[in-house]
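In our numbering, the protein residues as written are 51 to 195.
See structure below.
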């Protein structure tokens, strides 16, 4: 198994790559108007969850959860990356930017009145490496290693 720090290093290297704009979009077509309305509403709600976090835009968890948690938002960013690659990168990179010297990643990052505040009290992060690793392939276009 590849150690987490190697996955993070690989992901950082991938951030210099980007997909052409036309490749970074999801296309959905159907003749079923109900299904199309459901899809359109889901996309609309996803975009409502994109907010400013300091100098970058991230996708928050949504509903009543107005912050980003390590257990969910790297994965949400990765899943949304085909629609908006910058959000995918930001949702992973923000946790790496707030990693402490001892290696600890914040369990949650709050945005309180425009001030970004990492919190290290929660023990989370088992979900972080895989979305970061998968985003590497999305950013670079490499199919496998």
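Yeah, the Cβ is synthetic: ideal placement off N, Cα and C, and Gly gets one too.
*Output yes or no for whether 8 Å exceeds the beta carbon distance between residue 106 and residue 144.*
Counting from one through the chain shown, the residue named residue 106 turns up at place 56. Counting from one through the chain shown, the residue named residue 144 turns up at place 94. Cβ atoms of residue 106 and residue 144: closer than 8 Å.
_Check for me: the beta strand (DSSP E) holding residue 159 runs from which residue to which?_
Taking the first residue of the chain shown as position 1, residue 159 is located at position 109. Note, residue 159: beta strand (DSSP E), 158 to 162.
*Contact the region 177 to 191 vs the region 137 to 155: 3+ CB pairs below 8 Å*: yes
*asked:* Going by DSSP in three states, residue 132 sits in which element: helix, strand or coil?
replied: Against the chain shown, residue 132 aligns to sequence position 82. Residue 132 falls in the coil class under three-state DSSP.
*When you compare only the Cα positions, how much space is there between residue 118 and residue 78?*
On the chain shown, residue 118 is found 68 positions in, with the first residue counted as 1. On the chain shown, residue 78 is found 28 positions in, with the first residue counted as 1. Their Cα atoms are separated by approximately 28 Å.
*residue 96 to residue 109, Cα distance in whole Å?*
In the chain shown, counting from the first residue as 1, residue 96 sits at position 46. In the chain shown, counting from the first residue as 1, residue 109 sits at position 59. If I take the Cα positions, the gap works out to 8 Å.
_Using a 10 Å radius around the Cβ and a threshold of 16 neighbouring Cβ atoms, would you call residue 134 buried or exposed?_
Indexing the chain shown from 1 puts residue 134 at position 84. Residue 134 is buried by the Cβ-count criterion.
*Proximity winner among 171, 85 and 152, relative to residue 158 (alpha-carbon distances)*: Numbered from 1 along the chain shown, position 108 holds the residue referred to as residue 158. The shortest C-alpha separation from residue 158 is found at 171.
*Alpha carbon to alpha carbon, how far is residue 82 from residue 126? Give it in angstroms, no decimals.*
Residue numbering aside, residue 126 sits at position 76 when the chain shown is read from its first letter. Residue numbering aside, residue 82 sits at position 32 when the chain shown is read from its first letter. Computed Cα separation, rounded: 27 Å.
*When you compare only the Cα positions, how much space is there between residue 101 and residue 194?*
One-based indexing of the chain shown puts residue 101 at position 51. One-based indexing of the chain shown puts residue 194 at position 144. Using only the alpha carbons, I get a separation of about 32 Å.
*How many angstroms separate the CA atom of residue 165 from the CA atom of residue 103?*
Walking along the chain shown from the start, residue 165 turns up at place 115. Walking along the chain shown from the start, residue 103 turns up at place 53. When rounded, the distance between both Cα atoms is 8 Å.
*Which word fits residue 85, buried or exposed, when buried means at least 16 other C-beta atoms lie within 10 angstroms of its C-beta?*
Position 35 of the chain shown, counted from the start, is the residue given in the question as residue 85. By the 10 Å Cβ count, residue 85 comes out exposed.
*State the start and end residues of the unbroken alpha helix (DSSP H) segment that holds residue 167.*
Translated into positions along the chain shown, residue 167 becomes position 117. Unbroken run through residue 167 is the beta strand (DSSP E), 165 to 169; no alpha helix (DSSP H).
_Quick check on DSSP: helix, strand or coil for residue 116?_
Along the chain shown, read from residue 1 onward, the residue named residue 116 stands at position 66. The answer is coil: DSSP assigns residue 116 none of H, G, I, E or B.
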